[in-house]
Structures are given as structure tokens and as C-alpha cells.
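*Asks:* First the structure, then my questions, so here it is.
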Amino acid sequence: MKRNSLLKSILIFTAVLAITACEQEKNKVINFPKTDLAMENMIPMPLKVNASNSAFGLDQNTVIHTSPNMEEFHEVGEYLSEKIKWQTQLDIAVNDIQNTSSNRVIFIKQLDENTPSNKEAYELTILQDSIILSSTTAEGAFRGVQTLRQLIPETSNDTLSDTEMWLIPSGEIADHPNFEYRGAMLDVARHFFSVKDVKKYIDLLAYYKINSLHLHLTDDQGWRIEIKSWPKLTEVGGSTEVGGGPGGFYTQEDYKELVAYAASQYITIIPEVDMPGHTNAASLAYPFLNGNGKKVEPYTGIDVGFSTFDTRKDTVYAFIDDVVREISEMTPGPYFHAGGDESLVTKKDDFNYFISRVDKIVKKYDKRMIGWDEIVHADIDTTAIAQFWSNEENAKIAVEKGMKVILSPGKKAYLDMKYDTVSKYGLHWAGYIPVDTAYIWSPEYYIKGVNKENILGVEAPLWSETITNMEELEYLAFPRVIGHAEIGWSTEENRDWENYKVRLGNQTPFLDRMNVKYYPSELIEWKKQTLPIKPRLKD
Ligand code: ACM
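Sequential numbering of the sequence shown, starting at 534, is according to our numbering.
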């Protein structure tokens, strides 16, 4: 053998040895400690959980693969990788064809589209060397990714192998939601919340599998969405808010950005233009709309029920047509919320006539109308949806008419009710709602005669009369909105306060990492912080 080729052989041999040693290190049998999948901090509780008492070690050798040629699945993989990095600092490659040697794989797999299944259903199989997340849709995979995120422990284990490992308990999960519609509502009219704030709320809601964000865009105190054909709505109507602050509004570009951001997390934006009452800001901008016979002045108080559109003028409907058209064009979701609550100075006949005409306009732009429960008295199509908030009779009428109902009972689901008499923010007209009261109820049994098949879903509204910024929003919404997410997703059999409150206490690391200023209810034993994160401002 010539000297050169001898040298070459030695080099190759050494390289092979090094690679083999590395492979052996990667493949070394690891004695995972026993874990129990059912004991983790999953919220909402999945439908079926089977623990197999071992673990998948998430580490730097892990890779993510997604079904080939499925862009949406690839995006879900990228999202998972980003969230893993956010929590663990690990850089996990997605569909990296160079890296075929990794022995730890998270595979996000599309099931045959013809498999009959709920579009948000997913299955997770967690083994020692692989995690398989499967779903017929990317939406289902996205929901499954939230479960997976919740299973990654806050701290890593560095005694099992040479690499730091986050032990994900092994087992199988098969899951789908109990209700199709699981919403939160944010009132950006009484006080305005920026695009950045709403995006943060979206991030938090997605983690708990909420799929609809209803934006209450207009009210007496402010009009918050740019309508190009009626510019004074925002120029004039956008400049007021409760307490006299500067108000604000979303340009159409802002709104589109929010819609797209929500869609990237499989959340549908539902725009609400509240009418014929709650319309002082619109009438301030265009006084011809006003139907209460009084001069319109800017309004920054918190009373309700004094404003109304003029329901008998065709020009009012021409205006509404433009508003519904412009908003619908920017809204890919199937719904348009037309309000309809507390129109106390609109005559009954005028109100019903109005709602019926608005329903037709909404349909003209290919949307389904949602309205607060008062709308059920109008002659409307059964495709319209009644959002129950206070009057049970209205919910029953909706069912008799064949309409679907969204349940937002003020006494349970209103996030703006105070927790107790010493709460810093909130109102209490529907009562005080501590964290357990908000959690302990079942949509299926809340109103006699309004059964599972009549219920589209649940929604937790957050009215903003008493809150002016994100910290105050978070105080009222968290932790109660987390419980509502479970009520919407998990079956009655899988919900139990004693079990839930432990899982809720385990949310602290996530909430702190997200810098959420939640209300630290004494009913909950909040898990101690384990990471050096900025101190949370307790009240
Ligand atoms: C409402 O709380 N006025 C729907």
C-alpha cells in the first residue's frame, strides 16, 4: 500500500470510529424514570389518556418531521420547534433532510383525509424514541401541539445522558373537543387595546385550545375599526373612551394583521358591530344615524341603553350595508356579530324590524349573524346564532326556532365580574365570580331545554369598562378564561374541580414565562416558580 493511501485509510477508520462512538452515545439505553401522563398539567383535559409510565427524552438530538408536501403541517412543525426553543432553548430542526441519523423524532403526520373525524381531533403517541402526532387536519395537529407543549416539563434532567433532556411522559392521548365553538370576547370599545395586546391574548388563548376571538369593536364610547367609506367613524368616533382617555382604532391593515395572526393559530376572529343600541359613537360621527331624538354628545361614562339607530331610515341600512361589506371582506371566518343587546330606547317593533333587516345584510355578504340573546324575537333565519348572556327565556326561544346557541352566562362566563368584594377591577351586576364558581358548571345542563345538540359552544366575554391596559385585562381574564377553555373542550366526565385546581396551579411556570399578571386566587396552590424569570407583579 502506498503511503498516501495508508494515511487515507487511517483517517477514514478514525472518522468511522468517532461516528460510531457518537451513534452509540445517542443510542445508549436510558433508564427513564417512571412518569404518569395523567398527572401532568394538561388543560383542557383530553378525552382519553393512557399512560405507559416511561418517557420520551426531548434533547438536542431530537428532530421534527411532518407529512411530506403538506405545507400547513410543515408550518405546525415550525411552530412547535419555535415553542420548544422558547421553553428549552433547544434548536430542533424541522424536515431537515440532511439529518437522517437522529434517533429521536417527533413526527407530525396527516391521517387519510377520508378518515371520519372531528376536524380538531388528534392523537398523540409518545414512546421512548418517538412522538407521533396525527390528525386529518393541520388544525387538529395544531391543537395536539398545545397538548405536547403542556407535557414538556419546566426543568430538564441532566443526569440521564450527556445531553440535557426534558422528559415527556409516555403514553397515548386521543382527543377532540366537546364543543365546536370555544370563544373569548374582548371589548376594545370601552377601552382600546393595541394590536400587540390582542396578539398576546391570542397566544395565550391558543395554548388552551380556544378557537374563536370575538372583538367587540363598537359601542357608545368608541368606534374601533376603520371603514373607508365612512371615515368619520374612526376620526370622530374613535377618539373617545371610558374615563376620557384618547381612544384609538384599528386601521384595516391592523385588523387584517390580527385576523392573519389569529388564523396562524387556528383562531377565528368574529367582528362585532353592536347595534341598534350601543351606537352613540357612530351617531356622534354621523348624526343622521341617531334615533333617540336627542343631540349626540361624546360619551365616556359606563351607562348603557340610551342610544339607538334610527331603524326606519333607508340611509341607515345603506350605511350598515357598507360597514358589513367592508368588515366581511376582511374577515375569512363565517360569522358577523351584530350585537342587539340592551337597545332599551328602541321600540320593540322597530328593534325586531331592524334585526331582521340586518340579518339579511349579513347573509348578503355570506356570513352567519350572531347576536346577543335579545335578537330571538325578530323574524330571522335559523342560521342566525343567539348568544345567551342573561335571559334564559330568550335561549329557549332560540332553540324552539331551531337556532343554535352560544352560552355566555353572565353569572359564570363573564370575565369582567369581580372575583370578590375586594377585587381591584371589574363590575358585579351578575355577582362575584371566584375561580371555582367560574369553573363549576356544565353548558349541557345550564338551561333546561337547551341541550347539547342546540349548543354551538361557549364564550367568555371580557368587557372593558374598568380595565385600561394589558395588566388589568390579565387580572380579570386569568385564571378564569383557562377554566372556560376546559369547559368548552373537555367532556363533563373529564371535568372535576379538585383535579382541575391542581392542574391550574401547575400553570404558573407558563403564565410567568408569558409574563401574565394573573389573579393569584387563594383557592389555588400556585406551583412555585422554578426559573429565574422577571418577578410577577402581584396585587
Ligand atoms: C351584554 O353584556 N350587554 C351582552
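Where is the CB? At the ideal position from N, CA and C, for every residue including glycine.
Quick caveat, the model's predicted, so the values are computed rather than measured.
Keeping to the same chain, check which residues put their C-beta closer than 6 Å to that of Ile743; ignore five residues upstream and five downstream.
*Replies:* Arg715, Ala717 and Ala1018.
*Asks:* From Ile803 to Leu1006, what distance separates their C-alpha atoms?
*Replies:* Distance between the alpha carbons of Ile803 and Leu1006 is about 19 Å.
*Asks:* I'd like the span of the alpha helix (DSSP H) that includes Lys642, first residue to last.
*Replies:* First-last for Lys642: Arg637 to Gln643, but that is the beta strand (DSSP E), not the alpha helix (DSSP H).
*Asks:* Report the rounded CA-to-CA distance for Ala588 versus Leu700, giving the unit in angstroms.
*Replies:* Each residue's Cα considered, the two are about 6 Å apart.
*Asks:* Closest by CA to Lys827, which one among Glu786, Thr841 and Thr669?
*Replies:* Of Glu786, Thr841 and Thr669, the residue nearest in Cα terms is Thr841.
*Asks:* Cα separation between Phe606 and Glu790?
*Replies:* In a straight line, the C-alpha of Phe606 is about 22 Å away from that of Glu790.
*Asks:* Along the chain, where does the beta strand (DSSP E) that runs through Leu700 open and close?
*Replies:* Run containing Leu700: Trp699 to Asp708, per the beta strand (DSSP E) assignment.
*Asks:* Kindly indicate which three-state DSSP category Asn987 falls into: helix, strand or coil?
*Replies:* Residue state, collapsed to three classes: helix.
*Asks:* Could you check whether Leu1056 and Asp953 sit closer than 7 Å to each other, using their CB atoms as the reference points?
*Replies:* Not in contact: Asp953 and Leu1056 (Cβ atoms no closer than 7 Å).
*Asks:* Ignoring anything shorter than 4 residues, give me the alpha helix (DSSP H) runs that lie fully in the region 748-799, in order along the chain.
*Replies:* Runs found: 765-768 and 785-797.
*Asks:* Is the separation between the beta-carbon of Gly990 and that of Gly1021 shorter than 7 Å?
*Replies:* Their beta carbons are under 7 Å apart, which means Gly990 touches Gly1021 by this criterion.
*Asks:* Going by C-alpha distance, which of Leu1037, Tyr799 and Met1047 is nearest Trp1059?
*Replies:* For the residues Leu1037, Tyr799 and Met1047, the minimum Cα distance to Trp1059 belongs to Leu1037.
*Asks:* For the ligand ACM, I want to know if Trp763 counts as a neighbour, meaning its beta carbon is within less than 6 Å of at least one of the ligand's heavy atoms.
*Replies:* The answer is no for Trp763.
*Asks:* Alpha carbon to alpha carbon, what distance is there between Lys761 and Glu859?
*Replies:* So the alpha carbons of these two residues sit roughly 8 Å apart.
*Asks:* Whole angstroms are fine: how far does the CA of Glu604 sit from the CA of Arg1028?
*Replies:* Going from the Cα of Arg1028 to the Cα of Glu604 covers about 35 Å.
*Asks:* Counting only runs of 3+ residues fully inside the region 955-1016, write out the beta strand (DSSP E) ranges in chain order.
*Replies:* Entirely contained in the region 955-1016, the beta strand (DSSP E) runs reaching 3 residues are, in chain order, 988-995.
*Asks:* Is it buried or exposed, Ser797, if we count other Cβ atoms within 10 angstroms and call 16 or more buried?
*Replies:* Under this definition Ser797 is an exposed residue.
*Asks:* Check whether the Cβ atoms of Tyr1008 and Tyr958 sit closer than 7 Å, and answer yes or no.
*Replies:* The answer is yes: Cβ separation under 7 Å.
*Asks:* By alpha-carbon positions, which one of Ser650, Phe675, Asn583 and Met936 ends up nearest to Thr599?
*Replies:* Nearest option by C-alpha distance: Phe675.
*Asks:* Would you say Pro875 touches the ligand ACM, meaning its beta carbon is less than 6 Å from a heavy atom?
*Replies:* First, the residue type needs correcting, since residue 875 is Glu and not Pro in the sequence shown. Within the cutoff, so yes.
*Asks:* Output needed for Phe887: all residues of its chain with C-beta closer than 6 Å, excluding positions within five of it in sequence on either side, in chain order.
*Replies:* Only Pro809 and Thr844 meet the Cβ criterion.
*Asks:* Would you list the residues sitting across from Ser745 in a DSSP beta bridge?
*Replies:* Looking at the DSSP assignment, Ser745 forms a beta bridge with Gly716 and Thr801.
*Asks:* Heavy atom of the ligand ACM less than 6 Å from the Cβ of Trp905, yes or no?
*Replies:* The answer is yes for Trp905.
*Asks:* Along the alpha helix (DSSP H) that carries Phe606, what are the first and last residues, could you check?
*Replies:* Glu604 to Thr621 is the extent of the alpha helix (DSSP H) around Phe606.
*Asks:* Going straight from the alpha carbon of Phe640 to that of Ser876, what length do you get?
*Replies:* Taking the straight line joining both Cα atoms gives about 53 Å.
*Asks:* Beta carbon of Gly755, beta carbon of Ala815: below 7 Å?
*Replies:* No; because the gap between Cβ atoms is not below 7 Å, this pair is not in contact.
*Asks:* Whose CA, out of Gly935, Glu687 and Thr801, lies closest to the CA of Glu713?
*Replies:* Of the candidates Gly935, Glu687 and Thr801, the one whose C-alpha sits nearest the C-alpha of Glu713 is Thr801.
*Asks:* Taking Cβ to Cβ, would you say Met902 is nearer than 7 Å to Val895?
*Replies:* Yes.
*Asks:* My understanding is that Lys900 touches Tyr850, with C-beta atoms under 8 Å, so please give their C-beta distance in whole angstroms.
*Replies:* So it is not a contact: roughly 16 Å between Cβ atoms.
*Asks:* Should Trp962 be listed as close to the ligand ACM, given that the test is whether its C-beta is under 6 Å from any heavy atom?
*Replies:* Incorrect: Trp962 has no Cβ contact closer than 6 Å to the ligand ACM.
*Asks:* Find the nearest neighbour of Asp624 within the set Ser745, Glu615, Asn632 and Thr670, judged by alpha-carbon distance.
*Replies:* Of the candidates Ser745, Glu615, Asn632 and Thr670, the one whose C-alpha sits nearest the C-alpha of Asp624 is Glu615.
*Asks:* Going by DSSP, what residue range makes up the alpha helix (DSSP H) through Gly943?
*Replies:* Run containing Gly943: Gly943 to Ala946, per the alpha helix (DSSP H) assignment.
*Asks:* Does the ligand ACM have a heavy atom nearer than 6 Å to the CB of Trp922?
*Replies:* Correct: Trp922 has its Cβ closer than 6 Å to the ligand ACM.
*Asks:* Considering just the uninterrupted stretch of the beta strand (DSSP E) at Asn586, what are its terminal residues?
*Replies:* Per DSSP, Asn586 belongs to the beta strand (DSSP E) from Lys581 to Leu591.
*Asks:* Tell me the DSSP secondary structure of Glu672 in three-state form.
*Replies:* Reduced to three states, the DSSP call for Glu672 is helix.
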